Amino acid sequence: MIFGYEPLEVYEVPMRVVGANVPYEWLIYIFMFIPLAVFCYGLYKRIRVWLLANGRINRADNFWSRLWSLIKYSFGQAKVVKKPLAGWMHFFLFWGFLVLFLAAGVDAMHFWLHWPKVEGGAYIGFSWIVDVLGFLAMIGIIVLAFIRYVQKPDRLNDTKSSDGWVIFLIFAILFTGFLIEGLRIAAQIKLATRIDEILYEAKASPFGWMFAHLFSGMSLDGALVWHRLLWWFHMTLAFLFIALVPFSKLWHIFVSMVNYFTRDMGPSACRMVYNIEEAESFGVEKIEDFTWKDIIDLDACIRCGRCQENCPAYLTGKHLNPKLTLIQAMKQHWDAKAPYLIAAEDAGHHADEAAEMAMTAEAEEVKPVMEQNLIYDVVTTDVIWDCTNCRACMEHCPMFIEHIPKIIEMRRNLVMWQGDMPGEAQMAFTNMERNYNPWGVGFANRANWLNERNVRELVNLVPEDGEEFEYLLFGGCAVAFDDRYKRVGEALVRVAAQAGIKLGYLGTEEYCCGDSARRLGNEYLYQTLVNSNIESFNNYGVKKIITPCPHCYNALKNEYPQLNGNYEVYHSSEFLAKLIAEGKIKLNKSIGAKLTYHDSCFLGRHNKVYDEPRAVIKATGCNLVEIERSREYGFCCGAGGGRMWLEEHAVEGYKRINDTRTDQLLEPNPEMVITNCPFCLTMINDGVKGVESEAKVLDLPELVWQAMQ
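For the working numbering, count along the sequence shown from 1 and bump the result up by 70.
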């Protein structure tokens, strides 16, 4: 061995000697501990920052499900590839880099553990996989760069210089790797006495063989020299990559795995406030009061903009942009504040004393950071109140970032701690406190709709009739007090009666489900209403519940169990689909109308109920035209998250959310628009009236009742 390297040669069997032709190649296995040490230091720093969070949350349950989540979404990239072009390019990039690093690990094991060399067919197969995936990774990074810098979609509207440097670094590592391989093969071709001695490389390294043709005119000595120089340059870039991971956008590679393992595995529900009577504060006022999972979310955000391009608030010009004005605003604030919290902790002070320390610090730039108010200066109340809780951001985020819980926690602080809320929200709270419904209609009138719609005999009004029942109709406030939606309640009762089912109903002992109170931030009022309903349910032995309101459905099914209210809950669309499938009701006529269907956010994205309503529509003989924004891509009507009770002001140059959604539903020129929610029915109905369309807006039970006539 001359100058500490093994000469490059043509081998008797297909193989590759690691480090051949590279002087002092063994030093690389010493130098590699430098970037690894920097990586570990960065990892320590990031974990320490996560642990500054004061909030507590349990994500240690369901270990095997969480492990499968990590495998499925990290290695399967199941969430990423839902955006096909960018997703599959990222898939190639991820697997290309992963396999290349595994190959580098195998090389290291040859050195440290004296693993036997990979030879023959095993070498050809292994090398082919590495070569092809490496080339696909290079194609992937080129396409991703094209999307960001040439196509420039709106979702990537915050490109930073660091994005370009990361892309360039990755491309440089991949490209120099192929140049090195090409130079090696070109040199071996020149060393071979016959071409068939090295021809196996055309199979083992098809793209390396292609790169080798670039150097066919180079001398053997020239190829060997450039091979050595580029090898060291390539390794320097690879080590730089490893060292930069915790300090750059590359950190998402690892933090995404943490997020996939610790994501919310439960049903769609707001986080519970336990022992609310004993709480000393409510919600989140300072960013460090969030949980460690919320802080990890800030690290996980890669600014891909999928949340942004599906957010109804952003798309109608509101202040809320789930990427920029929520997550990235919080991240910037946290990155600036965390070092001073750590300094306070290191000095033996409580984190709350960090602000006082900052005020006495010599560095003036510390003061604005510590004085900033999370709610008023960083995120702002306009952003907080713009959210409709439609869950589009969480549905489409490839990192499972939890946007809604953060907004709810800040609303809780505004409402329950600071008393700062829109006047309309205060009115809705007052109505729910006094009359147990947001409309403020006298609670004693809650069962009057039964007589108004002539269905009193078809319903078992439990407190009066005292009869046994299988299903309880939880009509919700809309069925009881909204004149338009009373017709939906009537249709549901009549359909059930035709199936031989007499629904139970609590009348004045049914209270608002509490969804609007909770999502507007009034957790105390929510729990009061829930406890009253659970008491009524338990008093009358309720086991199964049917409701036509997705907000009631989500609360009853997913959130009541937090307060030990466990029941079998069906949305009316599920109930109707079940009756039709079992042949318990007969649809006597085929309506045959051309219609569009609006997926309610709380039935669709929150609970994945997409097929049952469509099965019911199909059974009525209607021609359903699927619009572009449907199913998980459905566009919100604007009334969720308690915004049914808040005034929406159109931004100049944009329409209101419900008008925007109405335009989408009316684009195919349907005869009918079908909804499955009282809020959606109201919002879409208003939108249709605004454009003077002749399309009828019906809720699903009304469509079924028409088909039964």
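Virtual Cβ for every residue (Gly too), placed ideally from N, Cα, C. Computed from a predicted model, the values in this text were never measured in an experiment.
Residue i and residue j: beta carbons closer than 8 Å?
i, j, result
"proline 409", "threonine 458", "no"
"alanine 625", "glycine 584", "yes"
"valine 354", "glycine 112", "no"
"valine 600", "histidine 641", "no"
"glycine 708", "arginine 726", "yes"
"asparagine 91", "histidine 297", "yes"
"isoleucine 259", "alanine 282", "yes"
"isoleucine 661", "methionine 778", "no"
"cysteine 582", "asparagine 507", "yes"
"arginine 701", "aspartate 669", "yes"
"valine 743", "leucine 665", "yes"
"alanine 567", "glutamate 772", "no"
"glutamate 593", "isoleucine 346", "yes"
"asparagine 746", "proline 683", "yes"
"leucine 239", "leucine 310", "yes"
"glycine 635", "phenylalanine 607", "yes"
"glutamate 717", "glutamate 538", "no"
"valine 761", "leucine 736", "yes"
"glutamate 79", "leucine 284", "no"
"asparagine 505", "glycine 512", "yes"
"histidine 403", "valine 343", "no"
"alanine 587", "leucine 595", "yes"
"phenylalanine 499", "histidine 621", "no"
"isoleucine 199", "leucine 214", "no"
"cysteine 619", "alanine 663", "no"
"arginine 341", "cysteine 467", "no"
Is it buried or exposed, residue i, if we count other Cβ atoms within 10 angstroms and call 16 or more buried?
i, result
"arginine 118", "exposed"
"asparagine 219", "According to the sequence shown, residue 219 is tyrosine rather than asparagine. Flag for tyrosine 219 reads exposed."
"cysteine 706", "buried"
"cysteine 110", "exposed"
"aspartate 769", "buried"
"asparagine 380", "buried"
"arginine 373", "buried"
"valine 816", "Past the boundaries of the shown model lies residue 816; the chain is included only from 71 to 779, so the question cannot be answered."
"glutamine 597", "buried"
"methionine 335", "exposed"
"phenylalanine 470", "buried"
"tryptophan 182", "exposed"
"alanine 399", "buried"
"lysine 572", "buried"
"valine 721", "exposed"
"glutamate 432", "At glutamate 432, the pLDDT of 47 sits below 50, so the modelled position is not reliable and the matter cannot be decided from this model."
"tryptophan 96", "exposed"
"leucine 694", "buried"
"threonine 395", "buried"
"methionine 429", "Confidence at methionine 429 is low in this model, with a pLDDT of 48, below 50, so its placement is unreliable and the value that follows should be read with caution. Exposed, because fewer than 16 other Cβ atoms sit within 10 Å of the Cβ of methionine 429."
"proline 740", "buried"
Going by DSSP, what residues sit across from residue i in a beta bridge?
i, result
"glycine 175", "Answer is none; glycine 175 lacks a bridge partner."
"histidine 641", "Thr617"
"isoleucine 744", "Tyr667 and Leu768"
"glutamate 271", "Glutamate 271 is not bridged to any residue."
"asparagine 530", "Gly574"
"asparagine 693", "Lys664"
"asparagine 361", "The question names asparagine, but residue 361 in the sequence shown is threonine. The partner list for threonine 361 (beta bridge, DSSP) reads Gly125."
"methionine 85", "Glu189"
"tyrosine 823", "Any question about residue 823 goes unanswered here, given that the chain covers just 71 to 779."
If contact is defined by three or more beta carbon pairs under 8 Å, each pair taking one atom from either stretch, is the segment 355 to 366 in contact with the segment 117 to 126? yes
Are the segment 235 to 246 and the segment 204 to 224 touching by the rule of at least three beta carbon pairs closer than 8 Å? yes
Check your understanding: Fully enclosed by the segment 368 to 404, which alpha helix (DSSP H) runs are 4 residues long or longer?
Key -> 382 to 385
_Touching by the beta-carbon criterion (3+ pairs, under 8 Å), the segment 439 to 454 and the segment 476 to 486_ = yes
Check your understanding: Any chance the segment 533 to 548 sits against the segment 602 to 622, with 3 or more Cβ pairs inside 8 Å?
Key -> yes
Would the segment 76 to 95 count as touching the segment 253 to 271 if we require 3 or more Cβ pairs under 8 Å?
yes
>> Could you tell me which whole alpha helix (DSSP H) segments of length 4 or greater appear in the segment 534 to 575?
In response: 546 to 551 and 553 to 568
Given 8 Å, three or more beta-carbon pairs between the segment 520 to 530 and the segment 550 to 566:
yes
For the 8 Å Cβ check, are there 3 or more pairs between the segment 749 to 763 and the segment 718 to 735? yes
Is it the case that the segment 484 to 497 contacts the segment 382 to 393, given that we only count it when at least three CB pairs across the two stretches are under 8 Å? no
_Three CB pairs or more closer than 8 Å across the segment 73 to 86 and the segment 182 to 193_ = yes
- Take every Cβ of the segment 130 to 147, pair it with every Cβ of the segment 317 to 337, and state whether three or more of those distances are shorter than 8 Å. yes
(message) Suppose only complete runs of 4+ residues qualify. What are the alpha helix (DSSP H) ranges in the segment 264 to 324, listed by chain order?
(response) 270 to 274, 276 to 282 and 290 to 314
Handout entry: Sequence ranges, alpha helix (DSSP H) only - wholly within the segment 469 to 527, length at least 4
Key = 473 to 482, 493 to 505 and 518 to 522
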